[in-house]
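Here's the structure, in structure tokens; my notes come after.
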Amino acid sequence: MAPDVRPFRFAVQAYRPPSGAAWRELARQVEGLGYSALHTSDHYLGPGAVSEQTGHRPVTLAPVPAMAVAAEVTSTLRIGCRMFCVGYHHAYVLAKEVATLAELSGGRTEVGLGAGWLAAEYAAMGIPFPPAGERIAHLAEFVDLLRDFLAGRPADTRGAHVHATDMSPLPLLPSPPPIMIGGGAPRVLRLAGSVADIVSVNFDNRSGVIGAASIAGSGHEETLRKTGWVLEGAAGRPALPELEVGVYFLAVDGGGTTEAELSAQTGLAGEQLRSFPHALVGSVDAVCAELERRREVYGFSYVTVGDRSVEAFAPVVERLTGR
């Protein structure tokens with residue numbers, strides 16, 4: 009089974025807007041430049057030991073209120089979180105929050121979910137960090153309950169990790185928002201392939217640290233294996249999920265960041281850097297051609313960049329959106 013070829017769409021993920029005003033302005037800018045979605049992040053670490061130990065940047069805003077504000081100041085932009093960590097939330101409470109966001113935004117919500125990986129953040133907040141198999145089982149039960157809630161079905165989940173019964177959901181939505189599941193390892197990507205509307209093919213961060221191992225495990229061959237796991241999970245589904253990828257290293261000509269800077273950050277150089285699935289380097293023409301190649305090879309049609317690249321990447325968005 010080969011990945012479906014879908015039209016391109018693009019999103020922005022923001023970690024550290026400096027103020028509420030800046031967040032509102034970013035949402036308006038992202039919409040005005042033609043991006044499909046704006047995503048927050050479900051991490052709670054500020055500057056300090058956890059951020060330094062894990063390589064994860066501090067995060068300014070909590071996701072749910074930030075999503076609500078972004079929805080309020082835009083009219084067409086989809087609003088999401090990439091990804092809600094299921095270990096940080098009660099499933100029924102988050103389901104109602106997501107449904108509320110969908111209602112308030114006029115159906116412009118995307119729901120990203122992940123099994124959790126940042127062990128140091130769990131520890132800092134006093135939350136147990138079970139083995140991967142348990143976290144993925146928790147994610148599977150979480151998705152089942154969320155699907156029921158968003159479809160308006162009464163709660164009847166009595167799992168090992170998620171329990172909710174004897175309640176009917178409100179608000180009732182005319183159509184449920186799409187569910188995205190992200191990950192980089194076999195079990196979670198097979199699960200995502202089987203149940204998600206969108207699959208985010210990401211680093212394998214089972215070490216709990218973003219670093220050289222994340223990059224080493226995300227090259228061409230590794231990414232083919234990851235998309236293969238998604239397709240295995242999707243076997244028998246009437247339609248394949250949309251495949252999303254985060255571009256964490258971006259140097260578009262004239263955008264301020266250089267190829268040499270990305271090479272220093274990643275340890276990759278030349279063709280190895282230019283073809284790395286989570287990097288884009290070169291002119292607008294070259295970047296567009298590379299994205300078209302990756303869609304053909306991996307199936308990636310939904311591409312997310314960081315908020316620092318909003319303007320530099322806009323010509324690519326203008327050229328490829330909907331194609």
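Counting with our numbering, you get residues 9 to 331 for the letters of the sequence shown. Yeah, the Cβ is synthetic: ideal placement off N, Cα and C, and Gly gets one too.
| query | result |
| --- | --- |
| Leu41 to Trp31 span [Cα, whole Å] | 15 Å |
| Reference Gly192, options Gln273, Val324, Ile218, Asp152, closest by Cα | Ile218 |
| Segment limits, alpha helix (DSSP H) that includes Ala294 | 292-306 |
| Any 3 or more C-beta pairs closer than 8 Å across the region 270-278 and the region 201-218 | no |
| For Ser202 and Ala247, the rounded distance between their alpha carbons | 10 Å |
| Reference Thr231, options Pro138, Gly307, Asp261, Arg116, closest by Cα | Gly307 |
| For Leu46: DSSP bridge partner residues | Val20, Ile87 |
| C-alpha gap between Ile187 and Ala294, whole angstroms | 32 Å |
| Strand pairing of His171, partner residues [DSSP] | Arg166 |
| Touching by the beta-carbon criterion (3+ pairs, under 8 Å), the region 83-90 and the region 57-69 | no |
| Inter-residue spacing [alpha-carbon to alpha-carbon] between Glu250 and Met133 | 33 Å |
| Cβ shell of Leu153 (< 7 Å), same chain only, five flanking positions each side left out | Ala99, Tyr100, Ala103, Ala163, Thr165, Val170, Ala172 |
| Whole-angstrom C-beta distance between Val289 and Glu267, which should lie under 8 Å | 5 Å |
| Bounding residues of the beta strand (DSSP E) (the contiguous stretch that carries Gly190) | 187-191 |
| Proximity of Val151 and Leu121 at Cβ, strictly below 9 Å | yes |
| Extent of the continuous alpha helix (DSSP H) to which Phe257 belongs | Counting along the chain, Phe257 falls outside any alpha helix (DSSP H), though it belongs to the beta strand (DSSP E) covering 257-260. |
| Tyr100, DSSP secondary structure in three states | helix |
| Thr117 - partner residues in DSSP beta bridges | Ile87 |
| Close Cβ partners of His51 (< 6 Å) along its chain, the five nearest in sequence each way excluded | Val67 |
| Assigned secondary structure, Tyr310 (DSSP; H/G/I helix, E/B strand, else coil) | strand |
| Residue range of the unbroken alpha helix (DSSP H) whose run includes Ser59 | 57-62 |
| Straight-line Cα distance separating Gly54 from Thr62 | 12 Å |
| Contact belief for Gln21 with Gly264 at Cβ below 8 Å, rounded distance in angstroms | That pair is no contact at about 18 Å. |
| Burial state of Ala79 (16 or more Cβ within 10 Å) | buried |
| Ser208, DSSP secondary structure in three states | strand |
| Straight-line Cα distance separating Arg198 from Glu240 | 6 Å |
| Those runs of the alpha helix (DSSP H) which lie wholly inside the region 192-253 and span at least 4 residues | 194-203, 220-224, 228-242 |
| Proximity winner among Gln37, Ala70, Glu298, relative to Phe16 (alpha-carbon distances) | Glu298 |
| Opposing strand residues paired with Phe92 [DSSP bridges] | Leu121 |
| Buried or exposed (CB count within 10 angstroms, at least 16 for buried), Arg233 | exposed |
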